[in-house]
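A.B. asks: Just so you know, the sequences run in chain order H and P. UniProt numbering numbers the first residue of the first sequence as 1 and each following residue consecutively. UniProt numbering numbers the first residue of the second sequence as 1 and each following residue consecutively. Ideal Cβ placement from N, Cα and C applies to all residues, glycine included. Keep in mind the model is a prediction, meaning the values are calculated, not measured.
2 protein chains.
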Amino acid sequence: MPEKETYSDLPKATVKRLPQYYRLFKKLVDDKIMRTNSREISEKIGVDSATVRRDFSLFGELGRRGYGYDSLSLRDFFANLLGNEVSTNIALIGVGNLGRALLNYPFQRRNKLHIAMAFDLPSNPLVGTKSESGIPIYNIGELAQRLCDSDIETAILSVDTVHSQDVANILVNTGIKGILNFTPVYLQVPDNIVVQSIDLTKELQTLIFFMNNASQL
Amino acid sequence: MPEKETYSDLPKATVKRLPQYYRLFKKLVDDKIMRTNSREISEKIGVDSATVRRDFSLFGELGRRGYGYDSLSLRDFFANLLGNEVSTNIALIGVGNLGRALLNYPFQRRNKLHIAMAFDLPSNPLVGTKSESGIPIYNIGELAQRLCDSDIETAILSVDTVHSQDVANILVNTGIKGILNFTPVYLQVPDNIVVQSIDLTKELQTLIFFMNNASQL
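(1) Let me make sure I understand the geometry here. Which of ALA118/P, ASP199/P, PRO19/P and GLY83/P has the alpha-carbon closest to that of GLY134/P?
(2) If you measure between the beta carbons of MET211/H and GLU203/P, is that distance less than 8 Å?
(3) Express the C-alpha separation of LEU180/H and ARG146/H in angstroms, rounding to a whole number.
(4) Output yes if chain P places a C-beta closer than 8 Å to the C-beta of GLY94/H; else output no.
(5) What first and last residue would you give for the beta strand (DSSP E) that runs through SER197/H?
(6) Please work out which residues of its chain come closer than 7 Å, Cβ to Cβ, to ARG17/P, disregarding the five sequence neighbours upstream and downstream, and give them in chain order.
(7) Near GLN216/H, what residues of its chain come up, given a Cβ to Cβ distance below 8 Å and the 5 sequence neighbours on each side ignored?
(8) In chain P, what lies closer than 9 Å to TYR7/H by C-beta?
(9) Measure the alpha-carbon distance for VAL185/P versus GLN165/P and round it to whole angstroms.
(10) For a minimum of 4 consecutive residues, which ranges assigned as the alpha helix (DSSP H) are wholly contained in the segment 67-135 of chain H?
(11) Please confirm whether PHE59/P has its beta-carbon closer than 8 Å to some beta-carbon of chain H.
(12) Give the DSSP bridge partners of ASN139/P, in chain order.
(13) Between LYS4/H and ILE198/H, what straight-line distance do the alpha-carbon atoms span, to the nearest angstrom?
(14) Look at VAL162/H and GLY94/H and say whether their C-beta atoms are less than 8 Å apart.
(15) Among residues of its own chain, excluding the 5 on either side of LEU28/P, which ones have a beta-carbon nearer than 7 Å to its beta-carbon?
(16) Within this structure, are the beta carbons of LEU92/P and LEU103/P separated by less than 8 Å?
(17) Look at the Cβ atom of THR183/P, then the Cβ atom of PRO19/H, and state whether they are nearer than 8 Å.
Take a look at the structure:
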């Protein structure tokens, strides 16, 4: 099993599959299926087996010829790779309908991902209260100070579109390193800040395009 | 400008950018910026300009050498391509925290995407009521019959993980052609059904991986 190292040159498409691999091996271990192969992996997660083998080859020798992959070793390898042994505190900005759902989303059920605090405009009646699970919801005027006083480097952005760039600027200035962006705005941030965007309308439009043009896809 | 046709062999990555192109040209027209070029497009949506030119070349001659791209023509071209002139009715299955947020999400603000009905287990107190915007929330026991009686071919799935495959099976049997899947389950469906998955934990894990391995990404 390779030593822990950083992988800065992995293809982006491979990185996006890492959580799927991790979840699969976790489930195999839970189900006491202690070895598997690329064909079985392919069937279970819907990624073709050549892609699975190519992805795994980027990490050196994860499997053994004639044996396949050891579920326990691979689970621990992908957990380690994803930094899953380390807790991550996250700030949520924007507690509207979507923000409320994210506040209560079970990110932490199987992973060490915790929304530690949330923020919104003082006009939001939830400001000054806590979520069901006890996450405090603060006035967004306190955002910069509270982030500076915390170890939080990760933010989830679910504010109104018109505010998204302004809030992103504050986040960058207070040392946030990564933003999960639920607004449909392309955020202008420095190169060292990572932005992962989820645009729900775009996902639905893409789905419908595939439906309308499905013959070969 | 090319005639309307179907594009069944576009690269998946290109298809996923189509809604971004559409939104950009829509905004340019709204802002009265009537022509643009691949460099400006690149800066505004964060896709490199060679990729923009390669994507556009898949549709024939969208621009003119020395002139660039005409915002109005391109807006209409992408609207047409995405089927945006046609209304799409959608069923939402699962009205928990995330489902409620999706019920109130402004999919329809600028697009003809309408959630027409929603479903959940009878234990959900929202069953039998309507959303703020008047979308009826039915007992999931009525799912098959109500879908069969409707023209709905698109579903959003935000049920508990344990129910997702069972509900997907019902959807497939009632003629649904596409599923936007918010559960972390890889759905087993026939080849002619399109599934687009959004796994929020996976997105957050991917973001954190990029943050931890950011030097070259």
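C.D. replies: If we stick to the structure as given:
(1) As a working note, residue 134/P is residue 134 in the second sequence. The shortest C-alpha separation from GLY134/P is found at ALA118/P.
(2) In the first sequence, the residue the question calls residue 211/H occupies position 211. In the second sequence, the residue the question calls residue 203/P occupies position 203. Going by C-beta atoms, MET211/H is not nearer than 8 Å to GLU203/P.
(3) On the first sequence, residue 146/H is found 146 positions in, with the first residue counted as 1. On the first sequence, residue 180/H is found 180 positions in, with the first residue counted as 1. Rounded to the nearest angstrom, the two C-alpha atoms are 19 Å apart.
(4) Position 94 of the first sequence, counted from the start, is the residue given in the question as residue 94/H. No, GLY94/H does not count as interfacial toward chain P.
(5) Stepping through the first sequence from its first residue, residue 197/H is reached at position 197. Counting along the chain, the beta strand (DSSP E) containing SER197/H begins and ends at 194-197.
(6) Position 17 of the second sequence, counting from 1, holds the residue named residue 17/P. Exclusion of the five residues before and after ARG17/P leaves VAL47 and ASP55 as the residues of its chain whose Cβ lies within less than 7 Å of its Cβ.
(7) Locating residue 216/H in the first sequence gives position 216, where the first residue counts as 1. Legend: pLDDT at GLN216/H = 43, less than 50; position of this residue unreliable, value from coordinates given subsequently. There are no such residues.
(8) Numbered from its first residue, the first sequence carries residue 7/H at position 7. The contacting residues are PHE209 and ASN213.
(9) Your numbering for residue 185/P matches position 185 in the second sequence. Your numbering for residue 165/P matches position 165 in the second sequence. When rounded, the distance between both Cα atoms is 8 Å.
(10) 71-81 and 97-103
(11) Taking the first residue of the second sequence as 1, we reach residue 59/P at position 59. It does not: the Cβ of PHE59/P has no partner Cβ on chain H nearer than 8 Å.
(12) By one-based count along the second sequence, residue 139/P stands at place 139. BP columns for ASN139/P point to ASP120/P.
(13) For the purposes of this step, residue 4/H is taken as the residue at position 4 of the first sequence. For the purposes of this step, residue 198/H is taken as the residue at position 198 of the first sequence. Residue confidence is low: LYS4/H scores 49 on pLDDT, short of 50, so the model does not pin down where it sits. Its coordinate-derived value is still stated next. In this structure, the alpha-carbon of LYS4/H lies about 30 Å from that of ILE198/H.
(14) In the first sequence, counting from the first residue as 1, residue 162/H sits at position 162. In the first sequence, counting from the first residue as 1, residue 94/H sits at position 94. Result no, Cβ atoms of VAL162/H and GLY94/H do not sit closer than 8 Å.
(15) As a working mapping, residue 28/P is identified with position 28 in the second sequence. Same-chain partners within the cutoff: THR36 and SER71.
(16) For this step, residue 92/P is matched to residue 92 along the second sequence. For this step, residue 103/P is matched to residue 103 along the second sequence. Cβ atoms of LEU92/P and LEU103/P: closer than 8 Å.
(17) Along the second sequence, read from residue 1 onward, the residue named residue 183/P stands at position 183. Along the first sequence, read from residue 1 onward, the residue named residue 19/H stands at position 19. THR183/P places its beta carbon 8 Å or farther from that of PRO19/H.
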